[in-house]
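Enquirer:
In this note's numbering, the protein residues as written are 62 to 248.
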């Protein structure tokens, strides 16, 4: 990769620091897409010994790039996102990757296609961690920032994605218990 291409990619990725997500990290500060993507990648790194049959380096790569399309579209909360929004974001990502030089273009396109297909263990793990991180972030935010629909969504979000792994099912259950405690305490 040439230095100019590297800088162009980093500048585009840097837009994720300003792209706000629905979740608040403090009452007056919304989480950025970069905040979220970093912690999803950290989760993959931390769990590498729990998933020895998975290429966790690839999972970390997936976590790092999974929301780069939002550097073009911004984040759309899951309860507002339509199928066409996801298709548009994915197409913008493919169009952008197609401008890269080789071998980066082929590597990223293959990775993106694997992520979209959701068939490999790596793709399933990245997607499950993406969902779990979102509900963890919501649990860290003050209840005053939650919408009414999020009380139920907090329990159901990501259930399907974690089902392939006993460990992730346990993680989701632990997050659910935390959610219940948070709601009962009113914080």
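Virtual Cβ for every residue (Gly too), placed ideally from N, Cα, C.
Closest to residue 216 by C-alpha separation, out of 84, 192, 202 and 206, would be which residue?
Expert: For the purposes of this step, residue 216 is taken as the residue at position 155 of the chain shown. If we check each option's Cα against that of residue 216, 192 comes out closest.
Enquirer: For residue 202, I'd like the list of residues in its chain whose CB is within less than 7 Å of its CB, leaving aside the five on either flank, ordered along the chain.
Expert: For this step, residue 202 is matched to residue 141 along the chain shown. Closer than 7 Å at Cβ, skipping near neighbours: 84, 85 and 86.
Enquirer: Among 187, 153 and 158, which residue has its Cα nearest to the Cα of residue 108?
Expert: The residue given as residue 108 occupies position 47 in the chain shown. Of the candidates 187, 153 and 158, the one whose C-alpha sits nearest the C-alpha of residue 108 is 187.
Enquirer: When the Cα atoms are used, what is the spatial distance from residue 81 to residue 207?
Expert: In the chain shown, counting from the first residue as 1, residue 81 sits at position 20. In the chain shown, counting from the first residue as 1, residue 207 sits at position 146. Each residue's Cα considered, the two are about 15 Å apart.
Enquirer: Here's a check: name, in chain order, each residue in its chain whose Cβ is nearer than 7 Å to the Cβ of residue 138, leaving out the five neighbours to either side.
Expert: Here residue 138 is taken as the residue at index 77 of the chain shown, counted from 1. Here the set comprises 83.
Enquirer: For residue 145 and residue 152, I'd like the C-alpha separation in whole angstroms.
Expert: Here residue 145 corresponds to residue number 84 of the chain shown, with the count starting at 1. Here residue 152 corresponds to residue number 91 of the chain shown, with the count starting at 1. When rounded, the distance between both Cα atoms is 10 Å.
Enquirer: Quick test of your reading: residue 189 and residue 229, contact by CB under 8 Å. State the CB separation rounded to the nearest angstrom.
Expert: Locating residue 189 in the chain shown gives position 128, counting from the first residue. Locating residue 229 in the chain shown gives position 168, counting from the first residue. About 5 Å; that satisfies the 8 Å criterion.
Enquirer: Of the residues 222, 171 and 212, which one's Cα is nearest the Cα of residue 244?
Expert: Against the chain shown, residue 244 aligns to sequence position 183. That would be 212, whose Cα lies nearest to the Cα of residue 244.
Enquirer: Excluding the 5 residues preceding and the 5 following residue 265 in the sequence, name in chain order all residues of the same chain whose CB lies nearer than 8 Å to its CB.
Expert: Here the chain comprises residues numbered 62 to 248, so residue 265 is not present and cannot be evaluated.
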